[in-house]
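Residue numbering for the sequence shown follows the working numbering, starting at 1 and increasing by one per position.
C-beta atoms are modelled at their ideal positions from N, C-alpha and C, and glycine is treated no differently.
All of these numbers come straight from a predicted model, not from anything done at the bench.
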Amino acid sequence: AAALLLMNFYRPMWKMSAVLIGILLLLGWVARSFVPGLVQQYRVKPNEYELEKPFLGYHLDYTRRAFGLNSVRTIPLTPENEVTPEELQADQETVRNIRLWDYSPLLRTYKQLQAIRTYYDFDDVYIDRYKLNGGNRQVMLSVRELDLSKLQNQTWVNMHLEFTHGYGVVMNPVNEVSPGGLPHFFMKDLPPRSTVDIKLDRPQIYYGSMKDFYVLVNTDVKEFDYPMGDSNVRSTYEGDGGVEIGSFWRRLLFTLRFRDTEILFTGALRPESRVLYYRNVREALGEVAPFLLFDGDTYPVIFNGRIIWVQDAFTWTHRYPYSKPVMTADPTLRHFNGVNYIRNSVKATVDAYDGKMSFYIVDEKDPVARTWQKIFPHIFKPAGAMSEELWKHMRYPEDFFEVQTDVYRTYHMTDTNTYYNREDVWEVTPVGRERRIQPNYVTMKLWGEKDPEFAVIVPYMPLGRDNLIGWMAGRCDPDNYGELLVYEFPKQKLIYGPAQIEALINQHPEISSQLSLWSQRGSDVIIGDLLVIPIGKSLLYVQPLYLKAENGELPELKRVIVSTGGRVEWSETFAGALQKLMGKNVFEKGGPAVSGGAPAPKREEAEKELPSVKKISENDIASLAKLAQELYDSAQEAQRQGDWALYGEKIKELGNVISELEERSKK
1 AAALLLMNFY RPMWKMSAVL IGILLLLGWV ARSFVPGLVQ QYRVKPNEYE
51 LEKPFLGYHL DYTRRAFGLN SVRTIPLTPE NEVTPEELQA DQETVRNIRL
101 WDYSPLLRTY KQLQAIRTYY DFDDVYIDRY KLNGGNRQVM LSVRELDLSK
151 LQNQTWVNMH LEFTHGYGVV MNPVNEVSPG GLPHFFMKDL PPRSTVDIKL
201 DRPQIYYGSM KDFYVLVNTD VKEFDYPMGD SNVRSTYEGD GGVEIGSFWR
251 RLLFTLRFRD TEILFTGALR PESRVLYYRN VREALGEVAP FLLFDGDTYP
301 VIFNGRIIWV QDAFTWTHRY PYSKPVMTAD PTLRHFNGVN YIRNSVKATV
351 DAYDGKMSFY IVDEKDPVAR TWQKIFPHIF KPAGAMSEEL WKHMRYPEDF
401 FEVQTDVYRT YHMTDTNTYY NREDVWEVTP VGRERRIQPN YVTMKLWGEK
451 DPEFAVIVPY MPLGRDNLIG WMAGRCDPDN YGELLVYEFP KQKLIYGPAQ
501 IEALINQHPE ISSQLSLWSQ RGSDVIIGDL LVIPIGKSLL YVQPLYLKAE
551 NGELPELKRV IVSTGGRVEW SETFAGALQK LMGKNVFEKG GPAVSGGAPA
601 PKREEAEKEL PSVKKISEND IASLAKLAQE LYDSAQEAQR QGDWALYGEK
651 IKELGNVISE LEERSKK
């Protein structure tokens, strides 16, 4: 055919050439349309597995490599039927860090109790750990940011010169509850007040997670800092974030940039004035490094008295050989669709006050990260450049962990025949549910390890079944950061899964009747996430339950449900529920030993002798109120120490004092 076409240059044979080209096109169409089907039907199908076996091996191997699953450490484990009191007492660090607050109810509570003004808002609730009283305490926190859409007087001066920043942090431990079912705050109010050894010297938030808008700072208008009584505290920006805008030409350029003539004509600007924009942390990082993918959760860390935002970033490609690309309908993970290689190779930080950015390469083995580092050496720093104290707040990213756990459902199978027949597919979504089980950050002693650590875990069920088949843990602490562990359970033994435990809860006569009663009274019952917590050699299941008035927005923690070995109990407190489940108080007096084997804090502060109600004169209401406050403080101290027996005593005494206050106030 080629020869005939060449001959046309010397002796034209256009008709023959046209016919030949037509025949070639027809043969090409037949080859593409029919030949593959014929080969598949008569050659491949009768010998499918044998012909595909080597390529299935490549596919399994390279998919695991592409998603960082080739180094997963698998640990076969046969759990005991139920947790024992001795195991609970031996693993107090895990028990005292079990999360009783769900993200959504706690966010509503923050908004109701700590927004303080209509123009403040909390975008999300985050989880972290801090070194307190000699041990790691798991906490939940949020940042108080500005929401200018709720500002009553939305003038240009208010929107761009005066209301320029949020202020402060709200923080509470994951496991403590104040009287009335509300969180016990470690940090709260304006200006921020802390009851623990965490200092916040720069509470202003110029860069955050909410909607972006530009502001002008170092102007003749004093910036609003926070309200105090009938007046407002004001300040002037002292950072070097943003861009200088003092000159006429810069004002003109930014007038065009933001299409806002007020910038050009305002008389409030000075030579040292600056404009701050791209103040949404994730958007700002995306402008600097658009070639990276970013985790959906940007979380704050209080470090050296400042608020530092931490953002996990990922290197990726869609051209990794033999690897299966991500395809998910989950809206929180859709930005990964089409990706078939991903690494959490970059940690980015942004200072909430001056916007200073840092990108750290934390996986130097990743060739994609190394390539970007060579292209942009001025952007990326080595992991060793990050402060050791800040590194202690790093965590395994949730989005990446979800992608990995989803891939591992199928690609934990290493035998090509098992994979070909799909004999051992796992699942992270209970049967009949649309929503997968969310990963849970916990402080716990992993099976086979000596010391408690911060990790993210998720359980697995066999496809189409409700029982547990294992669980995966992503380690977060510096010494073992990034290591994945999978604990595999025997297939012949029943280990209760979340759906089975929830069925047992719904069948519990006392629980079901009380839930019905609350609903009939017009209260909204909010069922929290069911947590699966490894304790000793078994599993403890914990589910918080919240109550909210039908027209209210303040959820209160009303009950805690616990289960092990197929038994279910509940109570108003976690300690009470465990005591009913175990048949004894599992918290010894003096509290648990803290991390590292150091002795627990002494009880004297919580157990100090307080004046008797009878010794307070009839008309001395102030002293009675002071006694109530002291009893409450003593109870909280006992709770922080894990001395639940003393905590119960103080709460009982507090109830007596409150009753006495009510009686005396009626006289």
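Annotated three-state conformation of Q543 is strand, per DSSP. The beta carbon of V196 lies closer than 7 Å to those of L132, F186 in the same chain, with the five residues before and after it left out. Unbroken beta strand (DSSP E) stretches of 3 residues or longer found wholly inside the segment 504 to 588: 523 to 527, 531 to 535, 538 to 549, 556 to 564, 567 to 571, given in chain order.
N172 counts as buried, since at least 16 other C-beta atoms from the protein chains shown sit within 10 angstroms of its C-beta.
Ranked by Cα distance from I75, the first of L24, L446, Y42 is L446. In this structure, DSSP gives V310 an extended state, which the three-state scheme calls strand. Pairing G432 with A503, the inter-Cα distance amounts to about 13 Å. By the Cβ-count criterion, N47 is exposed, with fewer than 16 other Cβ atoms from all chains shown falling within 10 Å of its own Cβ. One thing to note: L151 has its Cβ no nearer than 8 Å to the Cβ of Y167. Residue nearest to R409 within the set Q41, R64, I21 is R64 (criterion: CA-CA distance).
If the five residues before and after I651 are omitted, its C-beta is found closer than 6 Å to the C-beta atoms of A635, all from its own chain and listed in chain order. DSSP assignment within the segment 21 to 101 yields the following whole alpha helix (DSSP H) runs of 4 residues or more, N-terminal first: 35 to 39, 48 to 66, 85 to 90, 92 to 95.
When C-beta atoms of the segment 135 to 152 are compared with those of the segment 87 to 106, three or more pairs fall below 8 Å, so the two segments count as touching. A638 and L646 do touch by the CB rule: their CB atoms are close to 4 Å apart, below 8 Å. Collapsing the DSSP output to three states places N467 in coil.
A contact is defined here as three or more CB-CB pairs under 8 Å, and the segment 303 to 313 fails this definition with respect to the segment 323 to 334. Between M394 and Y481 a beta carbon distance of about 7 Å is seen, short of the 8 Å cut, so the two are scored as contacting. DSSP, read as helix, strand or coil, puts P498 in helix. The residues T94, I98, V442, M444, L539, L540, Y541, V542, in chain order, have a CB closer than 8 Å to that of I533 in the same chain once the five nearest residues on each side in sequence are set aside. Contact between Y546 and E556 holds: their C-beta atoms lie close to 6 Å from each other, under 8 Å.
For T236, no alpha helix (DSSP H) encloses it, and the DSSP letter there is neither H nor E.
Beta-bridge partners of G208 (DSSP): N280. By alpha-carbon distance to G239, the top candidate from S273, V174, V288, E87 is S273.
Under the 8 Å Cβ criterion, the segment 263 to 277 counts as touching the segment 206 to 222, having at least three qualifying pairs. Counting only residues of its own chain and dropping the five nearest sequence neighbours on each side, R282 has a CB closer than 6 Å to the CB of F294, T298. Cβ contact annotation for T255 (same chain, cutoff 7 Å, sequence separation greater than five): T261, I263, L264, in chain order.
With a contact defined as Cβ atoms closer than 8 Å, I307 and R202 qualify at about 7 Å.
With a cutoff of 8 Å on beta-carbon distance, Q500 and N467 are scored as near each other.
P544 has its alpha-carbon roughly 18 Å from the corresponding atom of Y110. The continuous alpha helix (DSSP H) containing T410 extends over residues 398 to 411. In this structure D91 touches I535 by the C-beta definition: roughly 5 Å separates them, less than 8 Å. Bounds of the alpha helix (DSSP H) holding N417 are 416 to 420. Residue pairing from DSSP leaves R334 without any beta-bridge partner. Short of 6 Å from the beta carbon of S563, and not among the five residues preceding or following it, lie these beta carbons of its own chain, in chain order: I501, Y541.
Taking a cut-off of 8 Å on C-beta distances, the segment 115 to 129 does not touch the segment 560 to 576, as fewer than three cross pairs fall below it. Membership of A369 in the alpha helix (DSSP H) is indicated by the continuous run 367 to 375.
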